[in-house]
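Asks:
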Amino acid sequence: MTWVIMIFVLIVAAVVQTLLPGHVLLGQAKFPLLLAVVLYYALNRETSTMAAAAFLAGLLQDALSPIPLGYSAFCFCVVGWGAGRFRDLVITESLITQVFFGAVAGVIVTVILYLLLLQGGLVACSASWVVLKAVGTGVLSMLCTPVMFRVTNELDRLVGNVRIGAEVEKEQ
Amino acid sequence: MSGKKYFICFVLLVIAVLLNLPMSASLRIKAGSRDNLAPFQNMMSFLIIKASETVSSFVNAGDILDEKQRMIEEIATLRHRVWSLKTLERDYEDLRRQLGFTTWQQDKLVLCEVVARGDTSGWWQTIRINKGTDDGVGPNMAVITTEGLIGRTTKEISRHTCEVLLIMDQMSRVACKFLRTGGFGIVSGTGVKIAGDIKLEMLYAVQPCFMEYISKTEKILGGDEVVTSGLGGVYPEGLLLGRVAKFSLDPSGLYQRADIVPAADIGTVRYVFVVVKQGDDR
């Protein structure tokens, strides 16, 4: 059922992310709902589950935008792997953890994506605009990551999915 | 290696393959994904529009009747004008035939609804429309509203949806000319910027596009209308793009520049037309 919830949440997140507009004052950054879902699986599930979530989220983001296929998946995998390294060191239910990881991940994904798009000659933005966009994505990620964590967690509980902690204990 | 590590390696391998796919295969995969997501997007877009209309009908109840009357009068005026233009068109075709020119066929207009503004990333100024290859829409076709040109279709097109690159995007280039004098130039988008008079709308603080490579001898006036020149093969000739707000000599001193305010209200556009070119008929 993990997969069912993952696919459902990712599809809804992708559609909503496309519809929500981006404000000029935040560099037209969009609410990074897909990234927030990837972070949830990075901090609450095994690496393999995070990799699947990152791949699907990246595929959806690229499919619904002019970004070449694979760029977003690469960015999400990098960020998801990095966040997963801290899985056992942080309290994932804590709001501060979610806000912090959301902010940092938002900035990193924006910068990596910009560099990839720039090397392909697909964007023509000034450096100041990119900085504004990265900060904007970080701010929006701080807001939406706790929400997506809560929503996905509730759906997981509803269908009886267990957390990685319980899986590790079971294996031991 | 355990099964899960094999799975992670498999995912990374697939991502590496995706990054190196040929453009045609990549576009086909994206088109398929977009078509599968189109029903969800259409449903969400429908719900948002209905909610907006419901709220608007309560808030603006008193203005609805006035607006309806105004639109009835406008429709009657436009119908009369279309009838007059049809007569002129007939005379024009007769004259062309007598002079031995080929018959000009009107371009076909495909009515589309905007289902999404911007993409998931926010790096480009785009909108998504609910028509695709099944409806005759193809890449690099002009997209207009009743007010003027707003952009062109891109290669990101599926059977039921299409991504439209707006004229204000920094990657947009349109070959244009002044309607009054016929002088040529290139109109480029400037993206969106934080301006001094920015309002609180969520979407676009639309900045003027700029037209450059205008001849130094060209006599430009404020308010001059700029239309597509038909050069370049993408935009048909004669589509209104905007009007001159201000003009000056380029710092290089070789040509003039002008700020062009788009004629179409891009920020609130809901219905657009894709111009499907028809070939000459011999």
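Here the protein sequences line up with chains A and B, keeping their order. Letter 152 of the first sequence, counting from 1, is numbered 152 in my numbering, and no numbers are missing. Throughout, my numbering is defined as the position within the second sequence, counted from one, plus 1000. For glycine and all other residues, C-beta sits at the position ideal for the given N, C-alpha and C.
Beta-carbon of Lys1030(B) versus every beta-carbon of chain A: anything under 8 Å?
Replies: Within the second sequence, numbered from 1, the residue matching residue 1030(B) stands at position 30. Answer yes: the Cβ-Cβ gap between Lys1030(B) and chain A drops below 8 Å somewhere.
Asks: What are the boundary residues of the beta strand (DSSP E) that Gln1256(B) is part of?
Replies: Position 256 of the second sequence, counted from the start, is the residue given in the question as residue 1256(B). Where Gln1256(B) is concerned, the enclosing beta strand (DSSP E) stretches over 1256 to 1262.
Asks: I'd like the list of long-range same chain contacts for Val1227(B), defined as Cβ closer than 7 Å, with 5 residues on each side in sequence excluded.
Replies: For the purposes of this step, residue 1227(B) is identified with residue 227 of the second sequence, where counting begins at 1. Cβ within range, chain order: Cys1176, Lys1177, Leu1179, Gly1238, Leu1239, Leu1240, Leu1241.
Asks: Evaluate the contact criterion for the segment 143 to 156 of chain A versus the segment 113 to 121 of chain A: three or more CB pairs, one atom per stretch, below 8 Å.
Replies: no
Asks: Can you grab the Cα-Cα spacing for the pair Asn1042(B) / Arg1034(B), in whole Å?
Replies: Position 42 of the second sequence, counted from the first residue, corresponds to residue 1042(B). Position 34 of the second sequence, counted from the first residue, corresponds to residue 1034(B). Going by the C-alpha atoms only, they are around 11 Å apart.
Asks: Under 9 Å between beta-carbons, which chain B residues line up against Leu123(A)? List them in chain order, please.
Replies: Position 123 of the first sequence, counting from 1, holds the residue named residue 123(A). Looking at the sequence provided, one finds Val at residue 123(A) rather than Leu. Under the 9 Å cutoff, chain B gives Trp1123, Trp1124, Gln1170, Met1171.
Asks: Starting from the C-beta of Cys1162(B), find all residues in its chain whose C-beta is less than 6 Å away, skip the five residues before and the five after it, and write them out in chain order.
Replies: As a working note, residue 1162(B) is residue 162 in the second sequence. The answer, listed in chain order, is Ile1129, Gly1132, Val1137, Thr1153.
Asks: When you compare only the Cα positions, how much space is there between Asp1107(B) and Thr1146(B)?
Replies: Here residue 1107(B) refers to the residue found at position 107 when the second sequence is read from its first residue. Here residue 1146(B) refers to the residue found at position 146 when the second sequence is read from its first residue. Distance between the alpha carbons of Asp1107(B) and Thr1146(B): 15 Å.
Asks: Identify whether Arg45(A) lies in helix, strand or coil by the three-state DSSP scheme.
Replies: Taking the first residue of the first sequence as position 1, residue 45(A) is located at position 45. Reduced to three states, the DSSP call for Arg45(A) is coil.
Asks: With a cut-off of 8 Å, does the C-beta of Thr173(A) fall near any C-beta of chain B?
Replies: The structure shown has nothing for residue 173(A), since chain A only spans 1 to 172.
Asks: Buried or exposed: where does Lys1199(B) fall if 16 or more other Cβ atoms within 10 Å of its Cβ makes it buried?
Replies: Locating residue 1199(B) in the second sequence gives position 199, counting from the first residue. Unreliable positioning characterises Lys1199(B) in this predicted model, as indicated by a pLDDT of 45, which lies under 50. The coordinate reading is nonetheless provided below. Exposed is the call here.
Asks: When you compare the segment 57 to 74 of chain A with the segment 1114 to 1121 of chain B, are there three or more beta-carbon pairs, one atom per stretch, that lie closer than 8 Å?
Replies: yes
Asks: Looking at the strands, I want to know which residues DSSP matches up with Arg1268(B).
Replies: Taking the second sequence and counting its residues from 1, the one referred to as residue 1268(B) is at position 268. First, the residue type needs correcting, since residue 1268(B) is Thr and not Arg in the sequence shown. DSSP lists no partner for Thr1268(B).
Asks: Taking only beta carbons into account, state which residues of the segment 87 to 112 of chain A come closer than 8 Å to chain B, listed in chain order.
Replies: none
Asks: Pair every Cβ in the segment 74 to 94 of chain A with every Cβ in the segment 33 to 47 of chain A, then say whether three or more of these pairs are closer than 8 Å.
Replies: yes
Asks: Can you pull the chain A neighbours of Ser1026(B), defined as C-beta to C-beta under 7 Å?
Replies: By one-based count along the second sequence, residue 1026(B) stands at place 26. Within chain A, the residues near Ser1026(B) are Pro68, Leu69.
Asks: Counting only Cβ pairs nearer than 8 Å, list the residues of chain B close to Leu117(A).
Replies: Here residue 117(A) refers to the residue found at position 117 of the first sequence. Ordered by position in chain B, the residues that pass the 8 Å Cβ test against Leu117(A) are Trp1123.
Asks: Taking contact to mean 3 or more Cβ pairs, one atom from each stretch, closer than 8 Å, check whether the segment 45 to 62 of chain A and the segment 28 to 35 of chain A are in contact.
Replies: yes
Asks: Say whether chain A places a C-beta atom closer than 8 Å to the C-beta of Val1234(B).
Replies: Here residue 1234(B) is taken as the residue at index 234 of the second sequence, counted from 1. No, no contact with chain A.
Asks: Do Glu1212(B) and Gly1185(B) have their CB atoms nearer than 8 Å?
Replies: Position 212 of the second sequence, counted from the start, is the residue given in the question as residue 1212(B). Position 185 of the second sequence, counted from the start, is the residue given in the question as residue 1185(B). Yes, they are a contact pair.
Asks: So the alpha helix (DSSP H) Thr1054(B) belongs to, where does it begin and stop?
Replies: Numbered from 1 along the second sequence, position 54 holds the residue referred to as residue 1054(B). Unbroken alpha helix (DSSP H) run through Thr1054(B): 1023 to 1059.
Asks: Do you know how far the Cα of Val15(A) is from the Cα of Phe1040(B)?
Replies: Numbered from 1 along the second sequence, position 40 holds the residue referred to as residue 1040(B). Numbered from 1 along the first sequence, position 15 holds the residue referred to as residue 15(A). Cα-Cα distance, rounded: 7 Å.
Asks: Can you tell which of Met1044(B), Val1274(B), Gln1256(B), Gly1003(B) has the C-alpha that lies nearest to the C-alpha of Leu1165(B)?
Replies: Looking up residue 1165(B) in the second sequence gives position 165. When only C-alpha atoms are compared, the closest one is Val1274(B).
Asks: Starting from the Cα of Gly1189(B), find the closest Cα among Met1168(B), Lys1086(B), Ser1002(B) and give me that residue.
Replies: Here residue 1189(B) refers to the residue found at position 189 when the second sequence is read from its first residue. Nearest option by C-alpha distance: Met1168(B).
Asks: What residues in its chain sit with their C-beta under 7 Å from that of Gly120(A), if we drop five residues either side in the sequence?
Replies: Here residue 120(A) refers to the residue found at position 120 of the first sequence. Pro68.
Asks: With the cut-off set at 8 Å, would you say Val1174(B) and Tyr1235(B) are in Cβ contact?
Replies: By 1-based counting over the second sequence, the position of residue 1174(B) is 174. By 1-based counting over the second sequence, the position of residue 1235(B) is 235. Cβ atoms of Val1174(B) and Tyr1235(B): closer than 8 Å.
Asks: Could you round the C-beta distance between Ser1215(B) and Tyr1255(B) to whole angstroms and report it? I think they count as a contact, below 8 Å.
Replies: Walking along the second sequence from the start, residue 1215(B) turns up at place 215. Walking along the second sequence from the start, residue 1255(B) turns up at place 255. Taking the Cβ atoms as the reference, Ser1215(B) lies roughly 7 Å from Tyr1255(B), within the contact range of under 8 Å.
Asks: Of all the residues that make up the segment 1149 to 1167 of chain B, which are near chain A by a beta-carbon distance shorter than 9 Å?
Replies: Thr1154, Lys1155, Glu1156, Glu1163, Leu1165
Asks: Determine, using beta carbons only, whether Gly1196(B) comes closer than 8 Å to chain A.
Replies: Position 196 of the second sequence, counting from 1, holds the residue named residue 1196(B). Note that Gly1196(B) scores a pLDDT of 48, beneath 50, so its modelled location is shaky; the value from the coordinates is reported in the next line. Answer no: the Cβ-Cβ gap between Gly1196(B) and chain A never drops below 8 Å.
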